[in-house]
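*Asks:* Dropping a structure here in structure tokens format, bear with me for questions.
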Amino acid sequence: MAVRLQFLTQHPDEIALAMRYWAMDEEGAFLERVAELVPFRDVIQSGQIARQVREYCLAFDENQCCYLCDGPIRVSGRADAKKIFQKSSFPCESCEDELRRQKAEKQALEQAEISKRLAYKNERNASATLCYGELSDEAVILLLALDALLGQKLASGTFTISDCDDLSPIGGKLFIDRLLQEGVLLDDPIAAKPGTYFIKEGELWWYISGIQYFLPPDADLGRGPAALRHLEEHVFTDSEALTDLWLDYALADVMRYFDDQCDVYQHELEDDAVEKVRAILRHALRTYSIAELWSLVWMAIKHAASVANMRYFNRAKAAASIPNKIRQLVEQADKKEGIKHSWNRPDHHVAGSLGMVFLSLFGIDENVPGKAVIEMFGRMGRQAEATGSQHMQSLAQSFLQCALEAPDSWKAIGLLAEKIRSGMATDEAILEFLLEQKRAEIPVS
Ligand SMILES: [Zn+2]
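Its first residue numbered 1463, the sequence shown is counted upward by one per residue in my numbering.
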């Protein structure tokens, strides 16, 4: 017998049944069919015999050895027994226990490492503060849009990426990433769904869907709706950043329509073709409105659908022609009289809370030509510069006047020079100089 039995019973009938079940000739063929072993007591179905035999003995197949330790391999029924000697493809029971123990140990070590890193992350993030008054133009617009979308969750709680789905027509990730890069949003590992963070090749990784983000408090005002209201007083001056954010938003709005239409006409574009389309449209958004580009995109996609069935053409070729068609239509519009049509916003395609913030702050939406948007942001930047230079001019005049009127003008110039040498900006140095002069004028009582 190539199967060694270790009995768990002393009852002769039960031992006899196990021996008959496993009895085989030298070539490994079983001597009796299982059907011949029934009835045995109340077992009348042959299918139940193997289970009965397993209760009476452990069976080790001598034609197999563990691939790890060469030890015996336990088999549970006739189908598992081999006719020719071979190494098993799975470990023996004791090796399996050992592997399980090693795996549990590794998991425990990993868990300890994750906990250690998250404790550090938590300590760092929980104590972080921002100065809401010094946030960039881009951050303020995005936070106002998140405020409209999330309310209390932004002001004093935490939120997930899926909470931000209606931030823009293509969801929130693109814009949330910008806030994360600026350090305006942080993640709260304590609030995250269990299993969100894991270790891979020694590094801490995470599943974005499980992350809980939060807005750190203002250093003076803390967290809450009252602190957020201060964002509404922000003065926008960075025309380049405003243009860049608008173009990203507008491109998202056009690409959402583009993706939906490709889906309707079953065009599948390669990644580099989509990249090409994005580049052409982002540039075109400097001139045309979102709604005009919707109509242009529709023409290109419709054209591809109509040529797909033509001779020498197929769907893949037709889809690949879309980027060039879009470029051609934009060039035609540039040379002639622009884009003739503009589409209305499709019903199921929202502008998102970011779109609504652009509308309420600057009065721009899908119908405003890109050229007008960029000119407006340019004007805002120039105005801010002019206000800045007026401010500098009056500072300079105040300093000069003060220095001329001082009993020792030479000393006054020396004091200012000293401040600048110590690392202060010129306007800062003048402001401090003027403040010191004012204090010196107040008589000590
Ligand atoms: Zn083994």
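Glycine included, every Cβ here is placed at the ideal spot set by N, Cα and C.
Going by CA-CA distance only, name the one from Glu1737, Pro1831, Ile1763 and Ala1767 that's closest to isoleucine 1752.
*Replies:* Comparing Cα-Cα distances from isoleucine 1752 to each of Glu1737, Pro1831, Ile1763 and Ala1767, the minimum goes to Pro1831.
*Asks:* Cβ of leucine 1530 versus every heavy atom of ligand 1: is any distance shorter than 7 Å?
*Replies:* Yes, the Cβ of leucine 1530 comes within 7 Å of a heavy atom of ligand 1.
*Asks:* Starting from glutamine 1723 and walking both ways along the alpha helix (DSSP H), at which residues does that stretch end?
*Replies:* Glutamine 1723 -> alpha helix (DSSP H) spans 1701-1726.
*Asks:* Which one of Leu1530, Ala1767 and Ala1570 has the shortest CA to CA distance from glutamate 1560?
*Replies:* Comparing Cα positions, the closest option is Leu1530.
*Asks:* Taking the alpha-carbon of alanine 1813 as reference, which of Glu1600, Val1739, Leu1713 and Pro1553 has the nearest alpha-carbon?
*Replies:* The candidate whose alpha carbon is nearest that of alanine 1813 is Leu1713.
*Asks:* Around the C-beta of isoleucine 1670, are 16 or more other C-beta atoms found within 10 angstroms, so that it is buried, or is it exposed?
*Replies:* Flag for isoleucine 1670 reads exposed.
*Asks:* Under 8 Å, do leucine 1636 and phenylalanine 1676 count as touching if we go by C-beta distance?
*Replies:* In this structure, phenylalanine 1676 does not lie closer than 8 Å to leucine 1636 by Cβ.
*Asks:* Which residue from Cys1527, Gln1468, Cys1724 and Ser1804 puts its Cα closest to that of leucine 1520?
*Replies:* Among Cys1527, Gln1468, Cys1724 and Ser1804, the Cα nearest to that of leucine 1520 belongs to Gln1468.
*Asks:* Cα separation between lysine 1900 and alanine 1868?
*Replies:* Roughly 12 Å between the two C-alpha positions.
*Asks:* Hey, out of Ser1598, Gly1634, Ala1780 and Tyr1774, whose CA is closest to aspartate 1700's CA?
*Replies:* The candidate whose alpha carbon is nearest that of aspartate 1700 is Ser1598.
*Asks:* Candidates Val1537, Glu1572, Lys1738 and Leu1704: which alpha carbon is nearest arginine 1841's?
*Replies:* Closest by alpha carbon: Leu1704.
*Asks:* So the candidates are Phe1698, Trp1484 and Lys1545; which of them puts its Cα closest to the Cα of glycine 1843?
*Replies:* Cα-wise, what sits closest to glycine 1843 is Phe1698.
*Asks:* Taking 7 Å as the limit between beta carbons, can you name the residues of its chain near leucine 1611, skipping five residues before and five after?
*Replies:* Closer than 7 Å at the Cβ level, and outside the excluded window around leucine 1611, lie Cys1626, Asp1628, Leu1629 and Ser1815.
*Asks:* Are phenylalanine 1522 and arginine 1563 touching if we call contact CB-CB under 8 Å?
*Replies:* Not in contact: phenylalanine 1522 and arginine 1563 (Cβ atoms no closer than 8 Å).
*Asks:* Under 8 Å: do the stretch 1611-1621 and the stretch 1658-1670 share three or more Cβ pairs, one atom per stretch?
*Replies:* Touching, no, given that fewer than three Cβ pairs across the two stretches are closer than 8 Å.
*Asks:* Closer than 7 Å to a non-hydrogen atom of ligand 1 - does that hold for the CB of glycine 1509?
*Replies:* False, no ligand heavy atom lies under 7 Å from that Cβ.
*Asks:* Evaluate the contact criterion for the stretch 1771-1781 versus the stretch 1718-1737: three or more CB pairs, one atom per stretch, below 8 Å.
*Replies:* Touching, yes.
*Asks:* Taking just the CA atoms, how far does glycine 1533 sit from serine 1556?
*Replies:* Those two C-alpha atoms are separated by around 9 Å.
*Asks:* Can you tell me whether valine 1726 is buried or exposed? The criterion is at least 16 other CB atoms within 10 Å of its CB, across all chains shown.
*Replies:* Classification for valine 1726: exposed.
*Asks:* Grouping DSSP H, G and I as helix and E and B as strand, with all else coil, what is tryptophan 1760?
*Replies:* Three-state result, tryptophan 1760: helix.
*Asks:* Any idea if alanine 1485 is buried or exposed, counting beta-carbon neighbours within 10 angstroms, 16 or more meaning buried?
*Replies:* The residue is exposed, with fewer than 16 neighbouring Cβ atoms inside 10 Å.
*Asks:* Do the stretch 1821-1831 and the stretch 1683-1691 make contact, defined as three or more Cβ pairs closer than 8 Å?
*Replies:* No, because fewer than three Cβ pairs between the stretch 1821-1831 and the stretch 1683-1691 fall closer than 8 Å, the two stretches do not touch.
*Asks:* How big is the Cα-Cα spacing for glutamate 1890 and alanine 1601?
*Replies:* Taking the straight line from one Cα to the other gives about 26 Å.
*Asks:* Return yes when the C-beta of serine 1551 is under 7 Å from any heavy atom of ligand 1, and no when it is not.
*Replies:* Because no heavy atom of ligand 1 lies under 7 Å away, the Cβ of serine 1551 does not count as near it: no.
*Asks:* Please identify the residue among Ile1576, Gln1852, Lys1797 and Asp1809 whose C-alpha is closest to the C-alpha of aspartate 1722.
*Replies:* Nearest C-alpha to aspartate 1722: Asp1809.
*Asks:* Does ligand 1 have a heavy atom nearer than 7 Å to the CB of cysteine 1533?
*Replies:* Note on residue identity: the sequence assigns glycine, not cysteine, to residue 1533. Yes, the Cβ of glycine 1533 comes within 7 Å of a heavy atom of ligand 1.
*Asks:* Using the C-alpha atoms, what's the distance from serine 1508 back to alanine 1581?
*Replies:* Cα to Cα, the separation comes out at about 59 Å.
*Asks:* Helix, strand or coil, according to DSSP, for lysine 1549 in the structure here?
*Replies:* Reduced to three states, the DSSP call for lysine 1549 is strand.
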